[in-house]
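Protein chains: 2
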Amino acid sequence: MSDLFKRHQSTLEQALQTIGSRAFWTPYPEVPSEKVYGEGARQRGEEAFNELLHKPFVLAGHPGATYGGEEYSPHGLNLGITYPLAGADALVQAAYAAGTAWAKASLQQRMGVCLEILHRLNQRSFLLAHATMHTSGQGFPMAFQAGGPHAQDRGLEALAYAWRSMAAIPSEAAWTKPMGRGQSVSLEKHWRIMPRGIALTIGCRTFPTWNTYSGFFASLVCGNPVIAKPHPAAILPMALTVQTAREVLVEQGFSPNVVLLAAETVTEPGLAKSLAQHPQVALIDYTGSAHFGDWLRAHAATPLIYTEETGVNSIVISATDDFQAMCANIAFSLALYSGQMCTSPQNIFIPRDGIQAGDQHLSYAQVVQGLNQALDQLLDDPQRASMICGSIVNPDILQHLESLSQQAKVVRASAPFAADSKARTASPLMLEADFEQVELYGQEHFGPVSFVIPAPDTCAAIQRAASLAKQHGAITAALYEQDPQQTEQAIEAFAQAGVNLSINLLHGIYVNQSAAFSDFHVTGANPAGNACLSDDAFVANRYRVVMWRRPVIS
Amino acid sequence: MSDLFKRHQSTLEQALQTIGSRAFWTPYPEVPSEKVYGEGARQRGEEAFNELLHKPFVLAGHPGATYGGEEYSPHGLNLGITYPLAGADALVQAAYAAGTAWAKASLQQRMGVCLEILHRLNQRSFLLAHATMHTSGQGFPMAFQAGGPHAQDRGLEALAYAWRSMAAIPSEAAWTKPMGRGQSVSLEKHWRIMPRGIALTIGCRTFPTWNTYSGFFASLVCGNPVIAKPHPAAILPMALTVQTAREVLVEQGFSPNVVLLAAETVTEPGLAKSLAQHPQVALIDYTGSAHFGDWLRAHAATPLIYTEETGVNSIVISATDDFQAMCANIAFSLALYSGQMCTSPQNIFIPRDGIQAGDQHLSYAQVVQGLNQALDQLLDDPQRASMICGSIVNPDILQHLESLSQQAKVVRASAPFAADSKARTASPLMLEADFEQVELYGQEHFGPVSFVIPAPDTCAAIQRAASLAKQHGAITAALYEQDPQQTEQAIEAFAQAGVNLSINLLHGIYVNQSAAFSDFHVTGANPAGNACLSDDAFVANRYRVVMWRRPVIS
Chain A
736 MSDLFKRHQS TLEQALQTIG SRAFWTPYPE VPSEKVYGEG ARQRGEEAFN ELLHKPFVLA
796 GHPGATYGGE EYSPHGLNLG ITYPLAGADA LVQAAYAAGT AWAKASLQQR MGVCLEILHR
856 LNQRSFLLAH ATMHTSGQGF PMAFQAGGPH AQDRGLEALA YAWRSMAAIP SEAAWTKPMG
916 RGQSVSLEKH WRIMPRGIAL TIGCRTFPTW NTYSGFFASL VCGNPVIAKP HPAAILPMAL
976 TVQTAREVLV EQGFSPNVVL LAAETVTEPG LAKSLAQHPQ VALIDYTGSA HFGDWLRAHA
1036 ATPLIYTEET GVNSIVISAT DDFQAMCANI AFSLALYSGQ MCTSPQNIFI PRDGIQAGDQ
1096 HLSYAQVVQG LNQALDQLLD DPQRASMICG SIVNPDILQH LESLSQQAKV VRASAPFAAD
1156 SKARTASPLM LEADFEQVEL YGQEHFGPVS FVIPAPDTCA AIQRAASLAK QHGAITAALY
1216 EQDPQQTEQA IEAFAQAGVN LSINLLHGIY VNQSAAFSDF HVTGANPAGN ACLSDDAFVA
1276 NRYRVVMWRR PVIS
Chain B
736 MSDLFKRHQS TLEQALQTIG SRAFWTPYPE VPSEKVYGEG ARQRGEEAFN ELLHKPFVLA
796 GHPGATYGGE EYSPHGLNLG ITYPLAGADA LVQAAYAAGT AWAKASLQQR MGVCLEILHR
856 LNQRSFLLAH ATMHTSGQGF PMAFQAGGPH AQDRGLEALA YAWRSMAAIP SEAAWTKPMG
916 RGQSVSLEKH WRIMPRGIAL TIGCRTFPTW NTYSGFFASL VCGNPVIAKP HPAAILPMAL
976 TVQTAREVLV EQGFSPNVVL LAAETVTEPG LAKSLAQHPQ VALIDYTGSA HFGDWLRAHA
1036 ATPLIYTEET GVNSIVISAT DDFQAMCANI AFSLALYSGQ MCTSPQNIFI PRDGIQAGDQ
1096 HLSYAQVVQG LNQALDQLLD DPQRASMICG SIVNPDILQH LESLSQQAKV VRASAPFAAD
1156 SKARTASPLM LEADFEQVEL YGQEHFGPVS FVIPAPDTCA AIQRAASLAK QHGAITAALY
1216 EQDPQQTEQA IEAFAQAGVN LSINLLHGIY VNQSAAFSDF HVTGANPAGN ACLSDDAFVA
1276 NRYRVVMWRR PVIS
């Protein structure tokens, strides 16, 4: 048995158990606390990050003779880190050469390596937090969680699914078929897991690790060398991941090139396309716009593409027994990372005749006012606002907010709020859209913008929200309702639209949140993505099985 | 618990155990014996078949006002059966309407229905044998096995995989996350299996049930209504299957239209295309030429297409310890159903300097002669030849044999052999091809034709056979070799080419044979198909999972 496998076996076993029970569990604590991560961990993480700035990033033996990089933090920092720039052919060649020995390693060996990589990434969580914060623009607490432990959870979850699928295939069997009259024929059969080929993971800027680790680790453990292609403005988190992976690979006697970094500059993009069109790239994981998703489907060399794409998430408010808590909950969901999550709500449907709030009836206007006040309370302290909202990843988003403000009634204006003027910030913009303005609110407006939409009634609101999800994609939906029958109908409507529904969330949990091992992230059943993190379908086609058989020599 | 589920639960459990052990097992005996199937079963099957001839086929409540059918048995019989002809829209509408209740049934209910359908199909195995024989042209013994019990095995195997995947997903969980300071947040979560939509199975003429049941039952148990689209010249076996399924569905209170028959006439084809392009068809299983496979990939509305396509299977002969038995084994593989199996060997590579046979060295010419003699012995009795070779499904094949005989040296000529002059028969044609004539032997020549190919040496033969498999697809490969090192190299080469390898088969088992629960049929790792019967990848994308969650009310 591989030493690394033995060392981490209990973690894998717990993960396997939890994907079955889907109860709460994590081996990677989400609290950025030195009690958990060791005294001095916080400072060491920050120092290690500062140490990387304005230098070439070290990836020993990595292809790419020239270096480049153009990462500017949405919080205002110029990272100035450069990475080896290798073309598609060089990357594919290196991956291919490294892949042979990796494919032949036993499942336990590969799993041991993957678990050790996750373990070391976990130990680097503070560093990864800074790397994530200064590429995605997330606030520190979120960058720590989403860039570190939560991403690691998703990686481990994918490993568990891949293990469960592969471990169910015996490596050999004795097959004896009775032929009548006491005769029989006996074969020995031998099965071997064969990887698909080179795997490509195309990451996004907002969640450089969280959205990448599932595909990255699933492909890797199935024996495929992996080329990680991060967003050119958010390379560092995956560069650190690749660095960590290569360290472990080398220690275990494998070529470091089993894991490669496809870095490129913002000004010279196109590497994702060249890699996707390379005939030796057999698997693609992609998070990003439906626009590029369509390009991949039309042009990639392989049909095996796992995606998370554009979507329009909705909230329907019909009734609540705690109006204040509901408004606070929704306000947090809207503000969190400035609505730049694939799970952020965008459309808030409210019956135009108002809602039931405990014993009271509240008008549509009162509900909107309640949401607004909750945002005020949440964001009145700029420091706190910065922590929650983070910064805006892309200057285009600010222009888009500006343009939207011309197209619809502004209920709550957006403004910069950061004390630090270098940070690109914008408080949540809230617009009002007519129920019939589907062309306006029926598409994804990425960033801190929501629409309050007066609906004819709850039923119409649910139908509209569900139909948007079905047609344009959605990853989350939320409902506030007290009536059991209406709730049943909503559950049915959103299920038919293939969207996960959160009902009556009030305290300490938000519609944006998706927990590994328990929440299947993305259903794969509407245009917001064709794959789920993680399930059997996510892993089972990343390997194939071949057999040889021969008569048993008696 | 559903009654039907309870009745067949032990069968499912045994199937689940066997896909793990991959040892021999079948609940559907392959012997066409009245000891197994009951006294008079044979005669009843034949009578039931004769009863169907020259009449409209009864499918109560099935869409399609007009009737048609043009099935002529390759053995010479005009079936004269007509089927309801419904267009793509009518079939999709009916399937969609029937699908709602089917999707909502519990997994146990659906599994119970599927297991009962298989059970009743098994009871109709003699009838299915006649139906298969007179549409595919198989001899009776093979038609019984491949059309009946072996197909049923494949159906059950797919059910087991689908069950294992779906049953691993809990329908609910309590999720409690510790929030520090003794606080926690608790959600109740509920998961539901959602089918993908309407499933289409496009069958082939040679194995109307065997190649269809895996996809048919996998889609069905995942909650998708299924439209079975058989080859227009081989409708009856699937018509009987659909009839049986509809009987069980109605008895269990479901609409019969959960399972539909897409019949068409030979003279007015095109229904497969209209159905594949229908936006509500969400899943396609297809067995047939790579040509139509390419069309599907380019034009079908859904990207979820599971295929078995064209391939070129090879045998490499290097050494054997029983020359007679080897020749007899290969001869049977070549003759069986006139080479019209996706697993039939086509190319026989023999080192031009000859082979080692026990203590003897045999020249290339002696090996070819040995194969020829074995074919003579096997087929000298026309009755026996008919049983083994069956008839030729398609007159084009005879023309192709004719044309091939002009292009290469004829080692063994093909000729009709049937006593019954109405049957379309052709004894195995054996040609010799030069090792360099890859354009000739490197493509699939469907029908009773093989090439003997003198190779520079064993190593070159293996490399050529493997490279053909990788490039043009192959489902089987066979090797005769005594040297362990050479054997190792062959195992590696064919594994890299994604083809299952049989070594030194001599008695009672043939390279063509693929046993459910043990042999993964098609690797999905070369162009001969993108899917495998059955594995996790075959079933896991036929359903998706949606959740709703809410705080636990304490």
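Order-wise, the sequence lines are chains A and B. Residues in the first sequence are numbered from 736 upward in steps of one, following my numbering. Residues in the second sequence are numbered from 736 upward in steps of one, following my numbering. Glycine included, every Cβ here is placed at the ideal spot set by N, Cα and C. Nothing here was measured: the structure is a model prediction, and the numbers come from that model.
query                                                                                                                     : result
Short-range partners of chain B found in the stretch 1025-1043 of chain A, where Cβ spacing is below 8 Å                  : R1032, P1038
Where H1256/B falls: helix, strand or coil (DSSP)                                                                         : strand
Helix, strand or coil at E1043/A according to DSSP, with G and I counted as helix                                         : strand
CB-CB length for T1258/B against V1274/B, believed under 8 Å                                                              : Between V1274/B and T1258/B the Cβ distance is about 16 Å, and since that is not below 8 Å, they are no contact.
Contacts that K924/B makes with chain A (C-beta to C-beta distance below 8 Å)                                             : R757, S1253, D1254
Cβ shell of S949/B (< 6 Å), same chain only, five flanking positions each side left out                                   : R889, A893, L1268, S1269
Spatially closest choice to C1194/B from F1084/B, A997/B, A1100/B, Q1015/B, by CA coordinates                             : F1084/B
Residue from Y772/B, L995/B, S919/B, W945/B whose Cα sits closest to the Cα of L955/B                                     : L995/B
Nonlocal neighbours in the same chain, by C-beta distance under 8 Å from G1093/B, ignoring five residues either side      : T1055, D1056, D1057, F1058
Cutoff 7 Å; reference K924/A; Cβ partners in own chain excluding five residues on either side                             : E907, A908, W910, M1282, R1284
Closer than 9 Å at the beta carbon, the chain A residues around W910/B                                                    : R757, A758, F759, A1250, S1253, D1254
Beta carbon proximity, L1241/B to chain A, threshold 8 Å                                                                  : yes
Separation of K839/B from M846/B, as counted between CA atoms                                                             : 13 Å
Interface residues of the stretch 881-898 of chain A facing chain B [CB-CB below 9 Å]                                     : none
Start-end ranges of the alpha helix (DSSP H) lying completely within the stretch 1217-1251 of chain B, minimum 4 residues : 1219-1231
Selected residue, minimal CA-CA separation from P819/B, among F1067/B, V977/B, T1042/B                                    : V977/B
Beta carbon proximity, N1064/B to chain A, threshold 8 Å                                                                  : no
Delimiting residues of the beta strand (DSSP E) encompassing I1090/A                                                      : 1090-1092
Short CB-CB distance (under 8 Å) between D1270/A and chain B                                                              : yes
Terminal residues of the beta strand (DSSP E) in which E923/A lies                                                        : 918-930
DSSP three-state assignment for G1182/B, whether helix, strand or coil                                                    : coil
Top-ranked residue by Cα proximity to I1040/A, from I1050/A, L935/A, A886/A, C1124/A                                      : L935/A
Cα-Cα separation, P884/A to L850/A                                                                                        : 13 Å
The stretch 810-830 of chain B / the stretch 1019-1026 of chain B touching (three or more Cβ pairs under 8 Å)             : no
Residues that DSSP places opposite P1189/A in a beta bridge                                                               : I1085/A
CB contact check: L1236/A to chain B, cutoff 8 Å                                                                          : yes
V766/A, enclosing alpha helix (DSSP H) - first and last residue                                                           : Looking at the DSSP string, V766/A is not in any alpha helix (DSSP H), and its letter there is neither H nor E.
Residues near R927/B by beta carbon distance below 6 Å, same chain, minus five either side                                : V1281
Distance CB(Y1072/A)-CB(Q873/A) smaller than 8 Å                                                                          : yes
Residues that S1079/B contacts on chain E, provided the C-beta gap is smaller than 7 Å                                    : Absent from the structure: chain E. Protein chains present are A and B.
Residue span of the beta strand (DSSP E) that contains V1280/B, given as start and end                                    : 1278-1286
Near-chain B residues of the stretch 781-799 of chain A (beta-carbon distance less than 7 Å), N- to C-terminal order      : none
Same chain only: Cβ atoms within 6 Å of A963/A, ignoring 5 sequence neighbours per side                                   : T936, M973, V977, L996
Pairwise C-alpha distance: S860/A and T817/A                                                                              : 21 Å
Bridge-paired residues (DSSP) for Y818/A                                                                                  : G803/A
Residues of its chain near A825/A, where Cβ-Cβ distance is below 8 Å and the 5 sequence neighbours each way are ignored   : P798, G799
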